[in-house]
Structures are given as C-alpha cells and as structure tokens.
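J.:
In my numbering, the protein residues as written are 123 to 801.
#1: Within 10 angstroms of its Cβ, does residue 748 collect 16 or more other Cβ (buried), or is it exposed?
#2: What are the boundary residues of the beta strand (DSSP E) that residue 316 is part of?
#3: Starting from residue 768, trace the beta strand (DSSP E) in both directions and tell me its first and last residue.
#4: Around the C-beta of residue 602, are 16 or more other C-beta atoms found within 10 angstroms, so that it is buried, or is it exposed?
#5: Beta-carbon separation of residue 400 and residue 330 under 9 Å?
#6: Which runs of the beta strand (DSSP E) fall wholly inside the stretch 522-568 and span at least 3 residues, in chain order?
#7: For residue 586, collect the residues of the same chain with a Cβ closer than 8 Å to its Cβ; drop the 5 residues on either side in sequence, then sort them by chain order.
#8: Just confirm the distance between the C-beta atoms of residue 789 and residue 663, as a whole number of angstroms; I'd bet it's less than 8 Å.
#9: For residue 357, name the three-state secondary structure that DSSP assigns.
#10: Buried or exposed: residue 188, going by 16 or more other Cβ atoms within 10 Å of its Cβ?
#11: Looking at the strands, I want to know which residues DSSP matches up with residue 778.
#12: Which partner residues of residue 621 appear in the DSSP bridge assignment?
#13: Tell me whether residue 203, by its Cβ, gets closer than 8 Å to a heavy atom of the ligand ATP.
#14: Terminal residues of the continuous beta strand (DSSP E) containing residue 742?
#15: Among the residues of its own chain, which have a CB less than 6 Å from the CB of residue 632, if the five just before and after it don't count?
#16: Take residue 599 and list the residues in its own chain whose beta-carbon comes closer than 7 Å to its own, dropping the five residues that flank it on each side.
#17: Could you please give the first and the last residue of the uninterrupted beta strand (DSSP E) stretch that includes residue 634?
#18: To which residues of the same chain is residue 782 closer than 6 Å at the C-beta, ignoring the five residues directly before and after it?
#19: Report the start-end ranges of each alpha helix (DSSP H) in the stretch 354-423 that is 4 residues or longer and not cut off at the edges.
#20: Do residue 435 and residue 376 have their C-beta atoms closer together than 9 Å?
#21: Excluding the five sequence neighbours on either side, which residues of its own chain have a C-beta within less than 6 Å of the C-beta of residue 196, listed in chain order?
#22: For residue 183, which three-state DSSP category applies?
#23: Considering only DSSP beta bridges, list what residue 336 is partnered with.
#24: What distance in whole Å lies between the Cβ atoms of residue 472 and residue 495, which are believed to be in contact at a cut-off of 8 Å?
#25: From residue 634 to residue 627, what distance separates their C-alpha atoms?
#26: Since residue 732 is in the beta strand (DSSP E), which residue starts that stretch and which ends it?
#27: Could you round the C-beta distance between residue 218 and residue 225 to whole angstroms and report it? I think they count as a contact, below 8 Å.
#28: If you follow the alpha helix (DSSP H) that residue 279 is in, where does it begin and where does it stop?
#29: Is residue 639 near residue 580, with beta carbons less than 9 Å apart?
#30: Using 8 Å for Cβ pairs, my map puts residue 533 next to residue 552. What's the rounded Cβ distance?
#31: Check residue 605 in the structure and name its three-state DSSP category.
#32: Would you give the residue range spanned by the beta strand (DSSP E) that residue 233 belongs to?
#33: Let me check understanding here. Comparing Cα to Cα, which of 576, 199, 227, 204 lies closest to residue 212?
#34: Does the contact criterion of 3 or more C-beta pairs under 8 Å hold for the stretch 454-462 versus the stretch 405-421?
#35: Determine the extent of the alpha helix (DSSP H) in which residue 165 is found, giving its start and end residues.
#36: Could you please give the first and the last residue of the uninterrupted beta strand (DSSP E) stretch that includes residue 593?
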C-alpha cells in the first residue's frame, strides 16, 4: 500500500476504537426511547406513528402493493414462484448452499447450527467467538440469520388472494422474527460477528415490516416495540462496527451503508436514524466511486461479486429514491454501467462466467436462481433506467417487485437491444470475445480490491468458455472459505485454472495464513485487443514466473474465428533455462473422451489463424457422446491426458469432473497451442 493509504487505514482504525468505546457506554434502546423518538406517549401510539404515517414510496411500502401485484400477475410463472418461496419460508426451510434445512412451521429455529458439520456456534460474546474454526463455516447459519425469509413471507402475503392466507404469512413473520431476536441477544453468538450480515438482516427486517404494515398480527405493541428496538440496535451496532478498517474497504462496507440507509429511510423516527442515513448516503457515494471502475466493473476482481455489488448499490438507490433522497447523478450513471457490464459477459441463457471468488451471495431474494445466473440484471437495468441498450429478453421477477407495474410498462416500451459484442474491460481485467453462440471471457488484469486480491484467484490468462448458453470449459470455482483452508487455496491456485503452470510454481504466492489476500505478482495485462467482423484477436501476458531462478514470461493469444467456428489459443514463452510446462482445461463434468478427429474437423482447425501448424493424431471430444459441443486438437509434441478433477458451481458445492492436461519440457523461446473446433 502507498504511504497515504496506510495512513488513512490507521486513522480509520483509531476512529473505530472511538466509535466502539462510545457504543459500549450507551444504553440499549428501550420502550421509553422509542416512544420519545416517535413522539408517542403510549406503546399503542407506535402502531399509528410507525406503520400508518408513512411518507416513503419505496418498493416495499403497502402503497406499492397494488402495482407490484399487477406486475407479478403479468410475468408468466412469477406468482407461482412467489408462493413456492413463501411456503418454504412458512415451513422454515432453507437451501443452505445445497444443504437442505427444515424446522417446521411455527417451530423454534436452531439459528446457530452449521448443518454440514452438525455442530453449533456457541452463544458467547462476539469478542470471544471462535469464528474461524476448521470444519465449520459461519456462512451457513448466516444464510438463515440474514432473514430474507421474512421478505419471502411478506411477498407471499402480498400475492395471496384470501385473508386467511395473508394472516398465516403475517403470523409466521411475527413468530420467526421474535424467535430470532430472543435466540440471538445483541452482541452474542455467530449472528453478531459480521456487520455485513447484521446490516442485511436489518434491511430485510425493515422491508418486511413495511410490507406487513397493515397486517393485524403485526399491529400490536408487544411485537412492534421489540422489533423497532431491534432495528435501532442493529443500526447502532453497525454504525459502531463499520467494516472500514481493512487495507481496502470492500463490499462489506457497502453492505453496512445499505443496511443503515434502508432502515433509516423506511423508519426515519428511530433513534439515530437521521445521522445514520447521512453517514450511509455519503458513504455510498464515496464507495461507488472507489469500488466501481468508470467502465462499470466492480473492483472486487470477481464476476460473481460484481452481481452482489450491483444488487447492493441498486437496493440503496431504489429505497433512497422512494424516500426522496438523491445519491447523485454520478452514482446513478455508474450504477447503470454495472448493468451494462453484466450483460456484456452473460451468455444467451444469462449465465455469467465464474471468474474470481463465488460465495453465491445475493441481496434480492425474489427468485431462486442458479449461482451463475445474471440474466435478470439486464432486464432490471432496462426497466430501471429506460435503457434501450439493455432492452429485450424477459422482464424478471426482481424488476416486477422492485419497480412494479410502471417498470413493466417502461420495459415493454423499449426496443430490443442488439446482441452484445466483444469488449475489453481493462480496469476490471475481464475481456470478452463473443459471437455465434460463443462467449469467451479471459482474465487478465490487476488483482482485485486495488491489489489486495481478497477475492482474486491465480487465474491470469485463464478463461471460461460458454457455447450455446452453457459452460463448456470452466473456472474450477471456489468451494469453501474458512471451513477447509486447504480446499480454499487449492481452488484459487494456478492448477485450478485454464492457464499455464511453469515448474509447478504459483503465479502469485498463496499464504496459508491469509485466505483473503493475493499479492500483485503476476502483473497481467492486455497487449492487443482487436475485435473484427469475422474474428477477434486478444493478446495478454503476465510476469508471474519472472521470480523463478530461470525467469519466464508468458504471452497468450486468443483467436476466435466466427466464420470457421473455432478458437485458437497459443502460448509464447520467453526466458531462459529448461522448464516443465503444464496447461489445463477444466470441464464442469466428466463428459469427455479421446477420439480420431473427422477430416472436416481437422480441415477447420487448420484454417484458423494463430493455431498450430500440425496436430496430434487424437482429439478430445467434449460434451455428451450423442451431441458433443466440439473437439480440442492439440499441437504436435504435447503430452496430453485426462485426469480426475472437481468443479464447484457455487459456494459449498464440489462435484466430480475431469480436466485435460497438456504438458511439455521446453527451453524458451518456445510456443505451444491448441484449437477448439465448435460443433
């Protein structure tokens, strides 16, 4: 870090100590404080003052229910999907990173349970919590404790046609909320260890409370007093524990501000709300500038985390706009570009490449989606900004809920946008070559988070290839964070990516003690980006092996020929000494086999520029035997073999797969390459 950045970090740490000292000296919000802040004399008055006198027009206000219902009714299947999610929330069922958890309607929830290990986090003060315990993962109970389930209950009540159904959802909201608050006292247990989770829980609870504002089951002082007090306590905790003291603040700090903004704007009478809203608004403007590049890509160095960041910044924008608070034209302009970027790398089916960490995180719990599904972002952005460049496709459930009938009308008034074209996001380090059903996303740029690399991998010059909307050659994924540190490092290693490895070395050192840091050793960059009408050419390089005793530099060329329907990839090595070089292509499954390539396939491979002059006698056929996606033909002189591997399509899930290795001993300067001929 630069000296100035170090100084700022030190100042933030001192400020945090002061904030926490003030927090410890305060008294918890009680009924008397709530009555004073709302200008009430009796607890019964809070019902009217907090739930009836509402000036916000945010998406979750009862005043927006009719519009949201109309939009949901207009989207095929949206109501059924809403009811299904609401019924699961009623039964208190969660899909926790692929592990099903169920407690039953109206029953107590084991909020501290890690369902994979079967162990529970202790109900200790957070200062003494053993959070990072090998074999356990706090992210699992956090999924339940984020309380997006109460938003699902409220949505179920909004679309329900019968009074008895609405009452059942409202009763479940009351029971689940009180159960959580009673089981997780302020500052105790796993659910108070991460301000990001506390912030998003508060935002969900506040939005659900606004949605249930006219429900008789909610309009009782014995429920409303503890819930309003809990919202105030959540915000006070977050304000005192802002996640701004790391070397480079990231999405956690944005989440903190989002929680403060949503709660304070929906319930502005709460103690501290005006101060917290001002803090959040200024913080959001600052972090939009700091964490989103002018081209619209997140600074996290991760495409899955880009999706999380879009949702965070969008929720804050929508609730602020509904409350009449402007976050400024610069914020709005850069937010729009985040939607543009997401469309640029999404395939025709809406799947995005899995480059960088993927913790399956979302903020909009409106429709269950695959971990790589970014399809809804273009439609949401189109309706939000009336942007014709994002138009076409399907109006998503997320837009129906957040923008209502007006958003539906705006979306369908837009013309269909032209298909995305090849683009290079130099700041984000993502470079996309596409056309004719092919989407190739290459990683070549700086480590994310301004060099900290917290969510970056050793994936420089690696890529993910989608054909006809589905991933064919993939990034291996993330697997796990703190539950299994060895798996964490294996999944972010050079060997887990579709790039060259020299002498078994890493592009950048992986420190076992720092699971969320990756040094800026590779210095990956673009040498040439040359899109064209019939073919695209991308040349990238990195210096991650310059530290070897006999240094080596690598330059990789991608040549996508849309006319021939083939991709040529060539690696040029410059340096000294003799080296063992291994390249890998990771597949999402085990559907691959060696075959004798057909004459037509060989002929097409030979017509692609930048490919090998001669090919090995056998080719790798990828995909189902009766409908292969294509064939990989390797240059002569490479030793090739299929090896068992694994693939993580989302956080917490690892499935068997295979990868193909191609290797050669060589002395630079040298070149090796291969061609993928598409079916």
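In this text, a Cβ means the ideal position worked out from N, Cα and C, and glycines have one as well.
Quick caveat: nothing in here was measured; it's all calculated off a predicted structure.
T.: Concretely, from the data shown:
#1: exposed
#2: Unbroken run through residue 316: none, as it is neither H nor E.
#3: Element bounds for residue 768: 761-772.
#4: buried
#5: no
#6: Listed in chain order, they are 545-547, 552-557, 560-565.
#7: 475, 476, 477, 562, 563, 593, 595, 596, 597, 620
#8: That belief does not hold up - the Cβ atoms of residue 789 and residue 663 are roughly 19 Å apart, past 8 Å.
#9: helix
#10: exposed
#11: Looking at the DSSP output, residue 778 sits in a beta bridge with 768.
#12: For residue 621, which the question treats as bridged, DSSP gives no partner whatsoever.
#13: Annotation note on the ligand ATP: not contained in the displayed structure, which lists no ligands.
#14: 737-744
#15: 611
#16: 476, 480, 613, 769, 770, 771
#17: Looking at the DSSP string, residue 634 is not in any beta strand (DSSP E), and its letter there is neither H nor E.
#18: 707, 742, 764
#19: 373-388, 395-413
#20: yes
#21: 530
#22: coil
#23: Paired residue(s): none; residue 336 is not in a bridge.
#24: 6 Å
#25: 15 Å
#26: No beta strand (DSSP E) contains residue 732, which DSSP labels as neither H nor E.
#27: Incorrect: roughly 12 Å between the Cβ atoms, too far for contact.
#28: 270-281
#29: no
#30: Not confirmed; about 27 Å, so no contact.
#31: coil
#32: In the DSSP annotation of this structure, residue 233 is not part of any beta strand (DSSP E), being labelled neither H nor E.
#33: 227
#34: yes
#35: Here the alpha helix (DSSP H) through residue 165 covers 165-173.
#36: 592-595
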